[in-house]
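Visitor: If you want our numbering, it's the 1-based position in the sequence shown plus 31.
Every residue gets a Cβ at the ideal spot worked out from N, C-alpha and C, and that includes glycine.
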Amino acid sequence: MTRRPLIAGNWKMHGDCAWTQSYLEQLLPQVEANGPEVVVCPPFTALAAAAVIVVGSPVALGAQNCHWEDKGAFTGEVSAAMLAEVGASWVLVGHSERRQYFGETDETAVSRAAAAQRARLGAILCVGETLAQRQGGETLAVLERQTRGLGGLDPARLAIAYEPVWAIGTGHNATPSQAQQAHAFLRQRAREHFGDEAARHLRILYGGSVKPGNVAELLAEEDVDGALVGGASLDVAGFSAIIQAAAGRMTSTR
Ligand code: 13P
């Protein structure tokens with residue numbers, strides 16, 4: 032079978048409305064409808080401005096977080112339905128920066144993914160070990176823990192992003208074989224929770240210092256089905272080059 036590659040840009044806390052508009056006007060002409068699936072994840076405040084531009088285009092919008100409840104007294108939070116209303120079709124959950132700075136846990140990450148799916152959004156569940164955990168030989172144990180709640184999710188509206196914390200924003204990406212080992216383990220976890228067929232269709236993205244110069248070798252690995260790109264996604268030319276590299280991978284069948 033062939034998994035359609037998914038390339039998502041996580042802008043983090045970058046991009047006002049004017050910048051978003053200019054970025055997307057440059058990106059859109061470079062994205063082909065039958066190429067890799069492309070998602071951009073601007074900050075909440077730029078989603079509405081982005082939606083006006085991407086409507087009817089092959090570029091989908093994602094948000095960077097959502098709450099696990101559908102509504103309520105949660106000052107400062109945003110529900111998945113609110114994101115859907117404004118035009119998002121994906122949402123990142125459990126990003127390591129949420130885990131590191133904002134108290135995200137394995138349980139809340141999965142709860143947010145479930146809320147996203149209730150609102151008919153796709154959830155990109157981010158997982159990955161810290162440097163200390165890798166050096167301590169705990170990588171697979173950490174990934175096992177982070178994926179314990181998978182069974183409560185719908186695999187049809189899910190992607191998993193393997194983002195080793197030590198590779199995020201550092202310029203030091205995981206090697207293709209490090210990524211493949213983690214991705215193969217994550218697919219095995221998906222198999223345990225969802226069965227063979229759904230696990231075969233699940234996209235597992237790699238994130239952490241993805242650049243135009245390293246994406247092809249990462250995507251050449253059997254279980255690397257796309258990329259979640261931070262810093263390099265802020266440059267239209269760089270992000271387009273990453274999308275092109277993923278398009279090249281579509282000719283191979285797996
Ligand atoms: P960088 O690509 O900047 O390393 O960030 C990765 C990331 O955190 C994407 O979610």
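(1) What are the start and end residues of the beta strand (DSSP E) that includes E68?
(2) Curious, which full-length alpha helix (DSSP H) runs of at least 4 residues does the segment 201 to 233 contain?
(3) Is the CB-CB distance between D266 and A215 below 8 Å?
(4) Taking the straight line between their C-alpha atoms, what separation do you get for G200 and G262?
(5) I need the straight-line Cα distance from E175 to A221, nearest angstrom please.
(6) What's the call for Q166, buried or exposed, on a 16-neighbour Cβ count within 10 Å?
(7) Could you name the residues of the same chain whose beta carbon sits closer than 6 Å to that of L156, not counting the 5 residues immediately before and after it, in chain order?
(8) For the beta strand (DSSP E) that contains G257, what are its first and last residues?
(9) What three-state label does DSSP hand L236 in the structure shown?
(10) Per DSSP, what kind of secondary structure is W121 in: helix, strand or coil?
(11) Specify which residues have a beta carbon nearer than 6 Å to any heavy atom of the ligand 13P, listing them in chain order.
(12) Hey, P195 and G168: beta-carbon distance below 8 Å or not?
(13) Am I right that W121 and A80 are in contact with their C-beta atoms under 8 Å? What's the rounded C-beta distance?
(14) Looking at C-alpha atoms only, which residue of Q148, S53, K242, S142 is the closest neighbour of T206?
(15) Could you check where the beta strand (DSSP E) with G93 kicks off and where it finishes?
(16) Count the other C-beta atoms from every protein chain shown that fall within 10 angstroms of the C-beta of L162, then say buried if there are 16 or more, exposed otherwise.
(17) For the beta strand (DSSP E) holding G279, just list the boundary residues, first then last.
(18) Which of the three DSSP states is assigned to A39 in this structure?
(19) Taking 8 Å as the threshold (C-beta atoms), are L259 and N41 in contact?
(20) In whole angstroms, what is the alpha-carbon distance linking C48 and A111?
(21) Counting along the chain, where does the alpha helix (DSSP H) carrying V83 start and finish?
(22) On the DSSP bridge list, what partners appear for V246?
(23) Name the residue from L114, S142, L217 whose alpha carbon lies nearest to the alpha carbon of V173.
(24) Based on Cα-Cα distance, which residue from Q177, Q57, P67, Y54 lies nearest to R35?
Guide: So, from the data block:
(1) Element bounds for E68: 68 to 72.
(2) Runs found: 207 to 225, 227 to 232.
(3) Contact flag unset, no.
(4) Each residue's alpha carbon lies about 7 Å from the other.
(5) Between E175 and A221, the C-alpha separation is close to 10 Å.
(6) Q166 comes out exposed.
(7) Once the five neighbours on either side are set aside, the close Cβ partners of L156 are V124, G125, A144, I191.
(8) Run containing G257: 257 to 260, per the beta strand (DSSP E) assignment.
(9) Reduced to three states, the DSSP call for L236 is strand.
(10) Looking at W121 - three-state DSSP - the assignment turns out to be strand.
(11) A residue is listed when its beta-carbon falls short of 6 Å from at least one non-hydrogen atom of the ligand 13P; in chain order these are N41, H126, E194, I199, G200, G238, G239, S240, V241, L259, V260, G261, G262, A263.
(12) Cβ distance not < 8 Å, so P195 and G168 don't count as in contact.
(13) With a beta-carbon spacing of about 17 Å, W121 and A80 fall beyond the 8 Å limit used to define contacts.
(14) The candidate whose alpha carbon is nearest that of T206 is K242.
(15) Here the beta strand (DSSP E) through G93 covers 90 to 94.
(16) Of the other Cβ atoms in all chains shown, fewer than 16 fall within 10 Å of the Cβ of L162; this residue is therefore exposed.
(17) Premise fails: G279 lies in the alpha helix (DSSP H), 267 to 280, not in any beta strand (DSSP E).
(18) In the structure shown, A39 sits in a strand (DSSP, three-state: E or B).
(19) In contact: N41 and L259 (Cβ atoms closer than 8 Å).
(20) Between C48 and A111, the C-alpha separation is close to 21 Å.
(21) 75 to 85 is the extent of the alpha helix (DSSP H) around V83.
(22) For V246, which the question treats as bridged, DSSP gives no partner whatsoever.
(23) Ranked by Cα distance from V173, the options L114, S142, L217 are led by L217.
(24) Considering only alpha carbons, the answer is P67.
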